[in-house]
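Q: Position in the sequence shown (from 1) plus 3 gives the number in the numbering used here.
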Amino acid sequence: MSWLRSAVNKAVEVGNKNNLTRTVKNYADSVVQQAGQAVAEGAKLLQDRIGGRNVKSFKQTVKRLEEASVSCRGRERVELMRRWLAVLKEIEKSSSSTFEDKEKNNEQHQLLEEPKSPRRQSMVLYYDSDMGGEPLTFRDVFLYSQALEGISICMILEPPNEDEVSLLLELFGLCLTGGIEVHNAIVSSIQDLAKVFSSYQDEVLVKREELLQFAEGAITGLKINAEIQRIDAEVYTLKKQLESRASHSHDGDSQETNIKQSASPTIEALKEALAHIRACSRLEALLLKKKAIKCGDTSEIHSQKVDKLKVLLESLASSSSKSEKRISDFRVQKEDALKFRVSKVSEVTEIEKELAAEISDLEKQRDELEAQLKKVNISLSAVRARLHNATEERDQFFDANDQIVAHLKTKEDELAKSIGSCRTEADILSTWINFLEDTWSLQCSYVEAKEKETNAEIERHEDYFTNLVKQLLSSYEKELRPPIDRIGKYVENLKSLGDGSSPTGPETDDSQMVNPKRNLEEEYLDYEAKIITTFSVVDNMREQFYAQQGKLSSKENQKIKELFDNIEKLRAEFESIERPTLDLENPTKESDASPSESVASSFTEQAEKEASAGKDDRPQRTPPKSEQMLDPEAELAKLESEFGNVNQEYSTEEIGEWEFDELEKELRSGDSSRK
């Protein structure tokens with residue numbers, strides 16, 4: 004709160020009075036002390052909310068969930084899924100109550116949130132110092148982790164039973180988008196994947212891990228995004244606020260005549276309008292953030308995965324056809340070898356018969372022709388040698404032929420096994436492609452519906468924002484004309500009263516009590532402060548409007564620009580009125596004036612300096628980007644303090660708004676210096 008102390012000290016220096024200095028410094032010290040107490044109480048409240056609950060590490064919980072999802076089997080997996088379902092259903096049940104029910108049962112919730120309450124002690128939250136933000140529930144941690152994908156992959160590796168299928172359906176109902184039909188289709192697809200994956204043992208081109216990664220990515224694309232749900236909750240709250248403001252505005256139509264007859268809008272109304280503008284800007288920022296969030300794989304990544312599987316499928320089909328062709332070639336070669344063997348056997352058999360007959364004849368001739376014994380013995384030895392050679396040749400041929408047949412049989416068996424593996428893997432790839440296409444179509448339909456809904460909400464919000472700015476500017480234009488005209492009349496009356504001579508003598512004090520000039524000066528200062536405040540709010544609205552100028556239609560822009568120009572004309576008219584010299588701003592004229600009159604005159608003199616400084620700075624700044632733009636909340640608070648309308652008992656919410664406005668001002672000045 005050092006900025007508030009320095010601002011008040013600067014205001015004190017303008018007063019030039021010791022009593023005023025002491026009073027304002029004491030006021031600044033009390034405000035700083037109250038703000039420090041409010042911040043300390045807020046930190047203590049946050050510590051009490053978190054300290055009474057069981058807070059665990061976000062990262063360690065995510066790691067344990069992912070490890071348990073892929074390591075549990077059989078009965079352990081069933082028990083794990085049941086525990087997850089119990090916790091998720093409890094959180095879903097606790098978060099299903101509406102905002103109105105929570106407001107009605109606020110006292111009951113406060114009793115449940117006591118530090119000694121058993122329900123609060125059993126509530127487990129998870130926090131990550133790196134991510135920041137508020138503590139998260141188990142549902143947020145479960146959706147952030149890959150536990151659901153891990154349990155789905157386990158179902159593919161090990162086919163689920165009936166209990167696991169029902170539990171998986173309930174998990175999908177709590178964690179995936181779509182209805183019960185979509186969840187049944189996904190579970191059926193997972194069962195089909197598990198069935199074909201059980202027969203997939205020999206890898207040819209595709210790795211088992213890569214197929215499981217594709218299935219995991221498809222499940223991730225269908226998961227519910229916890230961030231989108233939190234954004235929807237905040238959007239719903241802002242819409243309720245805007246609807247309540249709109250209904251309040253319609254209920255106040257009956258009082259429109261009284262409002263128009265008043266001199267200018269009250270400070271509370273100006274604050275309400277500024278809060279309304281900020282709520283609209285926050286709603287639009289949330290809708291744009293929701294539109295930017297993407298779930299799962301993009302269309303390019305999905306196309307790459309499917310194209311890769313299709314290419315591998317074609318490669319496997321080509322490899323199978325080539326192997327079948329080689330088998331047919333080997334079979335032809337085997338038939339030729341068998342035919343050659345049969346012809347060779349018949350030929351050798353004929354030769355054996357002929358040689359046996361010749362041996363028989365020669366043996367007969369040996370007995371008959373002893374004289375020719377030597378010649379017959381030589382011939383006999385030669386024939387036997389030929390018979391031996393023919394027999395060895397036949398044996399060698401038989402051995403070689405047997406080896407060729409065995410080799411061809413081995414090759415045929417290997418190729419037949421390769422064909423079986425290729426066909427199995429081709430069936431798996433076809434099933435995988437169908438699963439990825441089905442999940443992608445579901446994801447695309449959900450994303451398309453979400454984008455249409457978000458675009459419609461943005462369009463409605465832009466129309467509502469334009470109508471709101473147009474309505475406020477029209478109202479301010481009508482309400483500024485009477486006070487400016489009355490200011491001119493006050494200036495003329497003050498000049499005419501200033502020309503007259505003031506009474507002298509002992510009756511001077513009594514005449515000052517009913518002095519019409521003093522009353523005119525007080526009314527003049529009141530109207531002048533309200534007009535300056537209205538112009539400040541219009542400047543803030545101009546900044547918000549030109550920040551969204553590219554999103555509105557040119558026709559609406561032209562109308563609103565005309566309203567801004569009309570108000571600028573009123574500002575020029577107001578600035579053209581020569582500001583008179585007021586007795587309230589010159590306390591040195593009356594030596595017997597009371598302390599309250601000196602305080603009022605010093606505040607009036609400060610307001611006049613700020614108004615003249617605003618006139619000098621206004622022609623140098625542009626509406627869209629302002630480097631010297633004052634914060635409306637700070638200026639309203641300053642004007643209230645000048646005219647004695649500030650209550651010294653501020654709430655913690657108002658002090659928090661002061662700090663937030665000062666932070667906004669520092670950020671804008673930093674951005675302008677960088678540019």
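For every residue, glycine included, the Cβ atom is placed at its ideal position computed from N, Cα and C.
Go to K127, then tell me how far its beta strand (DSSP E) extends in each direction, as first and last residue.
A: The sequence position of residue 127 within the sequence shown is 124, counting from 1. Note that residue 127 corresponds to Val in the displayed sequence, not to Lys. From DSSP, the beta strand (DSSP E) with V127 extends over V127 to Y130.
Q: What distance in whole Å lies between the Cβ atoms of I234 and L289, which are believed to be in contact at a cut-off of 8 Å?
A: Looking up residue 289 in the sequence shown gives position 286. Looking up residue 234 in the sequence shown gives position 231. Indeed they touch by this definition, with Cβ atoms about 5 Å apart.
Q: Measure the C-alpha to C-alpha separation of M158 and A419 and round it to an integer number of angstroms.
A: Residue numbering aside, residue 158 sits at position 155 when the sequence shown is read from its first letter. Residue numbering aside, residue 419 sits at position 416 when the sequence shown is read from its first letter. Cα-Cα distance, rounded: 31 Å.
Q: On the CB-based measure, 16 or more other CB atoms within 10 Å of its CB, does T536 come out buried or exposed?
A: Working through the sequence shown from its first residue, we reach residue 536 at position 533. Classification for T536: buried.
Q: First and last residue of the alpha helix (DSSP H) that includes G224?
A: Walking along the sequence shown from the start, residue 224 turns up at place 221. Counting along the chain, the alpha helix (DSSP H) containing G224 begins and ends at R211 to L225.
Q: Using a 10 Å radius around the Cβ and a threshold of 16 neighbouring Cβ atoms, would you call M134 buried or exposed?
A: By one-based count along the sequence shown, residue 134 stands at place 131. By the neighbour-count rule (16 or more Cβ atoms within 10 Å), M134 is not buried but exposed.
Q: Quick check on the burial criterion: 16 or more other C-beta atoms within 10 angstroms. Buried or exposed for G501?
A: By one-based count along the sequence shown, residue 501 stands at place 498. When all chains shown are included, G501 counts as exposed.
Q: Give me the Cβ distance between L358 and L390, rounded to the nearest whole Å; I'm assuming they're in contact under 8 Å.
A: One-based indexing of the sequence shown puts residue 358 at position 355. One-based indexing of the sequence shown puts residue 390 at position 387. That pair is a contact at about 5 Å.
Q: Taking the DSSP output, what are the residues bridged to L179?
A: Walking along the sequence shown from the start, residue 179 turns up at place 176. Its beta-bridge partners are K226.
Q: First and last residue of the alpha helix (DSSP H) that includes L585?
A: On the sequence shown, position 582 is the one that residue 585 refers to. From DSSP, L585 is part of no alpha helix (DSSP H); its letter is neither H nor E.
Q: What did DSSP end up calling S247 once you bin it into helix, strand or coil?
A: Along the sequence shown, one-based indexing puts residue 247 at 244. If DSSP states are grouped into helix, strand and coil, S247 belongs with the helices.
Q: For V207, which three-state DSSP category applies?
A: Locating residue 207 in the sequence shown gives position 204, counting from the first residue. Coil, per DSSP.
Q: For A221 and D310, I'd like the C-alpha separation in whole angstroms.
A: As a first step, residue 221 must be located in the sequence shown, where it is residue number 218. As a first step, residue 310 must be located in the sequence shown, where it is residue number 307. The straight-line gap from Cα to Cα measures roughly 15 Å.
Q: Taking 8 Å as the threshold, find out whether the region 160 to 178 comes into contact with the region 75 to 90 through three or more Cβ pairs.
A: Yes: the two stretches touch, three or more of their Cβ pairs being nearer than 8 Å.
Q: If you run the structure through DSSP and keep just helix, strand and coil, what is S202?
A: Here the question's residue 202 lines up with position 199 in the sequence shown. Here S202 sits in coil by DSSP.
Q: With C-beta atoms as the reference, is L312 less than 7 Å away from E173?
A: Along the sequence shown, read from residue 1 onward, the residue named residue 312 stands at position 309. Along the sequence shown, read from residue 1 onward, the residue named residue 173 stands at position 170. Against a cut-off of 7 Å, the Cβ pair of E173 and L312 comes out as no contact.
Q: To the nearest whole angstrom, what separates the beta carbons of E428 and L319, a pair I think is in contact under 8 Å?
A: Numbered from 1 along the sequence shown, position 425 holds the residue referred to as residue 428. Numbered from 1 along the sequence shown, position 316 holds the residue referred to as residue 319. Confirmed, Cβ separation roughly 6 Å.
Q: CA-CA distance, D595 and S579?
A: Taking the sequence shown and counting its residues from 1, the one referred to as residue 595 is at position 592. Taking the sequence shown and counting its residues from 1, the one referred to as residue 579 is at position 576. Low local confidence applies: a pLDDT of 40 at D595 is under 50, so the model's placement there is unreliable, with the coordinate-based value given in what follows. Answer to the nearest angstrom: the Cα atoms are 35 Å apart.
Q: Report yes if the C-beta distance between Y130 and V58 is below 7 Å; otherwise report no.
A: Here the question's residue 130 lines up with position 127 in the sequence shown. Here the question's residue 58 lines up with position 55 in the sequence shown. For Y130 and V58, yes; Cβs fall inside 7 Å.
Q: What does DSSP give as the partner residues of S60 in its beta bridges?
A: Looking up residue 60 in the sequence shown gives position 57. In the DSSP output, where bridge partners are listed per residue, S60 has Y130.
Q: According to the Cβ coordinates, are Y3 and Y527 closer than 7 Å?
A: The first residue shown for the chain is 4 and the last is 678, placing residue 3 beyond what the model contains.
Q: Do you know whose CA, among F400, L483 and K66, lies nearest E576's CA?
A: Locating residue 576 in the sequence shown gives position 573, where the first residue counts as 1. Measuring from the Cα of E576, the nearest candidate turns out to be L483.
Q: Decide if L208 is buried, meaning its Cβ has at least 16 other Cβ atoms within 10 Å, or exposed.
A: Looking up residue 208 in the sequence shown gives position 205. Looking at its Cβ environment, which holds fewer than 16 other Cβ atoms inside 10 Å, L208 is exposed.
Q: Leaving out the 5 sequence neighbours to the left and right, which residues in its chain are closer than 8 Å to Q336 when beta-carbon positions are compared?
A: Indexing the sequence shown from 1 puts residue 336 at position 333. Here the set comprises L411.
Q: Between the C-alpha atoms of K481 and V540, what's the straight-line distance to the nearest angstrom?
A: Working through the sequence shown from its first residue, we reach residue 481 at position 478. Working through the sequence shown from its first residue, we reach residue 540 at position 537. Each residue's Cα considered, the two are about 15 Å apart.
Q: Can you say whether E543 is buried or exposed, counting buried as having 16 or more other CB atoms within 10 angstroms of its CB?
A: Within the sequence shown, numbered from 1, the residue matching residue 543 stands at position 540. For clarity, residue 543 is Asn in the given sequence; the question names Glu instead. Buried.
Q: Mind checking which residues open and close the alpha helix (DSSP H) that includes T140?
A: Your numbering for residue 140 matches position 137 in the sequence shown. Unbroken run through T140: none, as it is neither H nor E.
Q: Take G224 and list the residues in its own chain whose beta-carbon comes closer than 7 Å to its own, dropping the five residues that flank it on each side.
A: The residue labelled residue 224 in the question sits at position 221 within the sequence shown. Same-chain partners within the cutoff: C298, G299, D300, T442 and Q446.
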